[in-house]
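First up is the structure itself, then whatever we jot down about it.
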Amino acid sequence: MGAQNDTTPAGVRLRMTYEAQYSPGFVVLPFAGDVGGAARQIVRRDLEFSDRFEMKDPPGGTPAERPDVAAWRERGADWVLQGALEGTTLTLTLHDAVYGQVKGTGTFSLPGRGERGFRMAVHAASDAVVRWATGQPGYAASRIAFVTAGRGSKEIYLVDSDGEGTARVTSDGSIALSPAWAPDGRRLAFTSFKGGGPHLFERDLATGGERTVSGRDGINITPAYAPDGRTIAFGATVGGNTEIALSSGGGFRTLTQSRRYENLSPTFSPDGGSIAFVSDRLGEPAVYVMGVDGGEPRIVSGYQYGRRGYSTSPDWSPTGPWIAYSTRVAGVAQIAVVGPDGRGARLLTDRGRNEDPSWAPDGRHLVFASPDRDGSGGLFVLDTVTGKVRTLVAGRGFGLPAWSPVLARATGGN
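What follows is the structure, encoded as structure tokens:
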């Protein structure tokens, strides 16, 4: 895509550029024993959604015991995936059609078809295939938490990375906001008004058990877990201001000390040593970075005196180099990224209103919310390398998405 003039008062010139990259051809052959093709369909779609390959569809027919890899190479396939499902064991073999050799093979234990966990186990096998082919992590075996607005209430739901398997988390008939995943993928922190004021809770997703993280007077909002899984940062009312606070093992301390301005929406660096957050200390919301041990915050979303800016909702990439955030361009919210040092700011969207970005565990894809994109709005997944966007959940009333870490890893693969 071409460059777009920056009309956001960020003090940096945002340009939206995506580099054209070669996508190797990839064919997923029919899996032996896969009645109805359910396992193959999941794997094929996961590989397509990885945005790393150009998918090729094989003609109909029965699975071949020894696929003609050379013939597929002549048809434009660089990779050929062969599979077999025997009982609850999925065997996958990835052929490198360019060099005529096997790149990876493994057997994966699955729950029975239709049983809970079947789809996630196949997603994990798909991630193994991505790793064999590229050496990079996949993200198929993950979920997205989000908020759905109903009549006078907002509840938290989950959906798989491919848009399937929607599940409800809260049923409080109240307002639930800002879900955040623990690093182990087993817990969600979120804000709820169900007890009166906005308090902070943690839900065990397996048992449904819940504990109060902070029921302090005032607000307790926008939680984020530290990499240690024990510390939660959030925006809390302290001395009449909203400060970034840290809760760990029952302890409480403030990280920021304000004078008539607000701080919220923290997000940790992968090593846990730094934190990005939103503050309006210069008059308009902007994204700052500071060390968790204190120090002077530094603005990274840019600032120019006398010009209005509005940058919110930062999320630090799990792989480190980028912070995604929402910023206004010509008065409309768009998704951008910037380095932790404030360099390399780049616009990622320019159509519709787009907000609340959250990184996938591969550090390449983002999920974001839009009330009007493609006419109906919804939740969307963006590939930050190619610029491809796909719909995750369509419709209005969906927001505040949060992408989980990898929830299942394949066993038996190599």
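Every number in this note's numbering is 10 more than the matching position in the sequence shown, counting from 1.
We put the beta carbon where it would ideally sit given N, CA and C, even for glycine.
Because the structure is a prediction, the values reported are computed rather than measured.
For residue 309 and residue 338, the rounded distance between their alpha carbons: Along the sequence shown, read from residue 1 onward, the residue named residue 338 stands at position 328. Along the sequence shown, read from residue 1 onward, the residue named residue 309 stands at position 299. C-alpha of residue 338 to C-alpha of residue 309: approximately 16 Å in a straight line.
- prompt: Taking C-beta to C-beta, are residue 105 and residue 79 nearer than 8 Å?
  reply: Here residue 105 is taken as the residue at index 95 of the sequence shown, counted from 1. Here residue 79 is taken as the residue at index 69 of the sequence shown, counted from 1. For residue 105 and residue 79, yes; Cβs fall inside 8 Å.
Whole-angstrom distance between residue 294 and residue 20, CA atom to CA atom: Locating residue 20 in the sequence shown gives position 10, counting from the first residue. Locating residue 294 in the sequence shown gives position 284, counting from the first residue. Annotation note: pLDDT 40 at residue 20 (below 50); position unreliable, no value reported.
- request: Find the nearest neighbour of residue 96 within the set 103, 65, 41 and 86, judged by alpha-carbon distance.
  value: Here residue 96 is taken as the residue at index 86 of the sequence shown, counted from 1. Nearest of 103, 65, 41 and 86 to residue 96, Cα basis: 41.
- prompt: Can you give the Cα-Cα distance for residue 205 and residue 230, rounded to whole angstroms?
  reply: In the sequence shown, the residue the question calls residue 205 occupies position 195. In the sequence shown, the residue the question calls residue 230 occupies position 220. Computed Cα separation, rounded: 12 Å.
query: Going by Cα to Cα distance, which pick from 145, 65, 183 and 292 is closest to residue 162?
result: Looking up residue 162 in the sequence shown gives position 152. Closest option to residue 162, Cα to Cα, is 183.
message: Less than 8 Å between the beta carbons of residue 289 and residue 348, yes or no?
response: If you number the sequence shown from 1, residue 289 lands on position 279. If you number the sequence shown from 1, residue 348 lands on position 338. The Cβ atoms of residue 289 and residue 348 lie no closer than 8 Å to each other.
message: Just to confirm, is the Cβ distance from residue 64 to residue 35 under 8 Å?
response: Numbered from its first residue, the sequence shown carries residue 64 at position 54. Numbered from its first residue, the sequence shown carries residue 35 at position 25. Taking 8 Å as the cut-off, the Cβ atoms of residue 64 and residue 35 count as close.
query: Which ranges would you report for the alpha helix (DSSP H) in the region 140 to 188 if only whole runs of at least 4 residues count?
result: Within the region 140 to 188, no complete alpha helix (DSSP H) run reaches 4 residues.
Limits of the unbroken alpha helix (DSSP H) element including residue 56: In the sequence shown, residue 56 corresponds to position 46, counting from 1. That run of the alpha helix (DSSP H) goes 48 to 59.
- request: Output yes or no for whether 8 Å exceeds the beta carbon distance between residue 328 and residue 368.
  value: Taking the first residue of the sequence shown as 1, we reach residue 328 at position 318. Taking the first residue of the sequence shown as 1, we reach residue 368 at position 358. No, these two residues do not count as a Cβ contact at 8 Å.
- request: Sort out for me which residues DSSP pairs residue 96 with in a bridge.
  value: By one-based count along the sequence shown, residue 96 stands at place 86. Looking at the DSSP assignment, residue 96 forms a beta bridge with 99.
query: When the distance is taken between beta carbons, is residue 165 closer than 8 Å to residue 186?
result: Residue 186 sits at position 176 when you count from the first residue of the sequence shown. Residue 165 sits at position 155 when you count from the first residue of the sequence shown. Yes, the pair counts as a contact, with Cβ atoms nearer than the cut-off.
task: Could you have a look at residue 119 and say whether DSSP puts it in helix, strand or coil?
output: Counting from 1 along the sequence shown, the entry for residue 119 is found at position 109. Residue 119 falls in the strand class under three-state DSSP.
field: Pairwise C-alpha distance: residue 29 and residue 364
entry: Looking up residue 364 in the sequence shown gives position 354. Looking up residue 29 in the sequence shown gives position 19. Taking the straight line from one Cα to the other gives about 21 Å.
query: Does the Cβ of residue 277 have 16 or more other Cβ atoms within 10 Å, making it buried, or fewer, making it exposed?
result: The residue labelled residue 277 in the question sits at position 267 within the sequence shown. Buried: at least 16 other Cβ atoms inside 10 Å.
- prompt: From residue 297 to residue 43, what does the alpha carbon distance come to, in whole angstroms?
  reply: Taking the sequence shown and counting its residues from 1, the one referred to as residue 297 is at position 287. Taking the sequence shown and counting its residues from 1, the one referred to as residue 43 is at position 33. Their backbone Cα atoms lie some 52 Å apart in a straight line.
Buried versus exposed, by CB contacts within 10 Å (16 or more), residue 292: On the sequence shown, residue 292 is found 282 positions in, with the first residue counted as 1. Under this definition residue 292 is an exposed residue.
field: Residue range of the unbroken beta strand (DSSP E) whose run includes residue 253
entry: On the sequence shown, residue 253 is found 243 positions in, with the first residue counted as 1. Its beta strand (DSSP E) spans residues 251 to 258.
- prompt: Expressed to the nearest angstrom, what Euclidean distance is found between the alpha-carbon atoms of residue 287 and residue 273?
  reply: Start at 1 with the first residue of the sequence shown, and residue 287 comes out as number 277. Start at 1 with the first residue of the sequence shown, and residue 273 comes out as number 263. Rounded to the nearest angstrom, the gap between the Cα atoms of residue 287 and residue 273 is 7 Å.
message: Looking at the secondary structure, which residues open and close the alpha helix (DSSP H) in which residue 83 lies?
response: On the sequence shown, position 73 is the one that residue 83 refers to. Residues 79 to 84.
- prompt: So does residue 335 have its beta carbon nearer than 7 Å to some heavy atom of the ligand MG?
  reply: Within the structure as shown, the ligand MG is missing, as the structure has no ligands at all.
query: So, are the CB atoms of residue 7 and residue 124 less than 8 Å apart?
result: No information on residue 7 is available, as it lies outside the stretch 11 to 424 that the chain covers here.
- request: Can you say whether residue 17 is buried or exposed, counting buried as having 16 or more other CB atoms within 10 angstroms of its CB?
  value: Here residue 17 is taken as the residue at index 7 of the sequence shown, counted from 1. Bear in mind that a pLDDT of 38 at residue 17, under 50, signals an unreliable position, so the model cannot answer this.
message: Please report the distance separating the alpha-carbon of residue 393 from that of residue 420.
response: Start at 1 with the first residue of the sequence shown, and residue 393 comes out as number 383. Start at 1 with the first residue of the sequence shown, and residue 420 comes out as number 410. Answer to the nearest angstrom: the Cα atoms are 24 Å apart.
query: Going straight from the alpha carbon of residue 304 to that of residue 354, what length do you get?
result: For the purposes of this step, residue 304 is taken as residue 294 along the sequence shown, with counting starting at 1. For the purposes of this step, residue 354 is taken as residue 344 along the sequence shown, with counting starting at 1. Cα-Cα distance, rounded: 25 Å.
- request: Taking residue 118 as the reference, give the member of 267, 100 and 31 with the closest Cα.
  value: On the sequence shown, position 108 is the one that residue 118 refers to. Out of 267, 100 and 31, 100 has the C-alpha closest to the C-alpha of residue 118.
message: Helix, strand or coil for residue 281? Go by DSSP, reduced to three states.
response: In the sequence shown, the residue the question calls residue 281 occupies position 271. In this structure, residue 281 counts as coil in the three-state DSSP scheme.
- prompt: For residue 336, which option in 320, 370, 48 and 362 has the closest C-alpha, if you only look at C-alpha atoms?
  reply: Here residue 336 refers to the residue found at position 326 of the sequence shown. Measuring from the Cα of residue 336, the nearest candidate turns out to be 320.
query: Helix, strand or coil: which one does DSSP assign to residue 275?
result: For the purposes of this step, residue 275 is identified with residue 265 of the sequence shown, where counting begins at 1. Note: residue 275 maps to strand in three-state DSSP.
query: Among the residues of its own chain, which have a CB less than 8 Å from the CB of residue 38, if the five just before and after it don't count?
result: Counting from one through the sequence shown, the residue named residue 38 turns up at place 28. In chain order, 50, 53, 54, 57, 65, 68, 91 and 93 place their CB closer than 8 Å to the CB of residue 38, counting only its own chain and leaving out the 5 sequence neighbours on each side.
query: Considering only residues of the same chain and omitting the five flanking positions on each side of residue 211, which have a CB-CB separation below 8 Å?
result: For the purposes of this step, residue 211 is taken as the residue at position 201 of the sequence shown. Excluding positions up to five away in sequence, the list reads 199, 200, 201, 202, 220, 221, 222 and 223.
- prompt: Since residue 352 contacts residue 158 with CB under 8 Å, what's their CB separation in whole angstroms?
  reply: Here the question's residue 352 lines up with position 342 in the sequence shown. Here the question's residue 158 lines up with position 148 in the sequence shown. That pair is no contact at about 35 Å.
field: Outcome for residue 331 when other beta-carbon atoms lying within 10 angstroms are tallied against a minimum of 16
entry: Here residue 331 is taken as the residue at index 321 of the sequence shown, counted from 1. Residue 331 should be labelled exposed.
field: Distance, residue 89 Cα to residue 260 Cα
entry: Residue mapping note: residue 260 aligns to position 250 of the sequence shown, counting from 1. Residue mapping note: residue 89 aligns to position 79 of the sequence shown, counting from 1. Rounded to the nearest angstrom, the two C-alpha atoms are 52 Å apart.
query: Taking Cβ to Cβ, would you say residue 120 is nearer than 8 Å to residue 98?
result: The sequence position of residue 120 within the sequence shown is 110, counting from 1. The sequence position of residue 98 within the sequence shown is 88, counting from 1. Contact flag set, yes.
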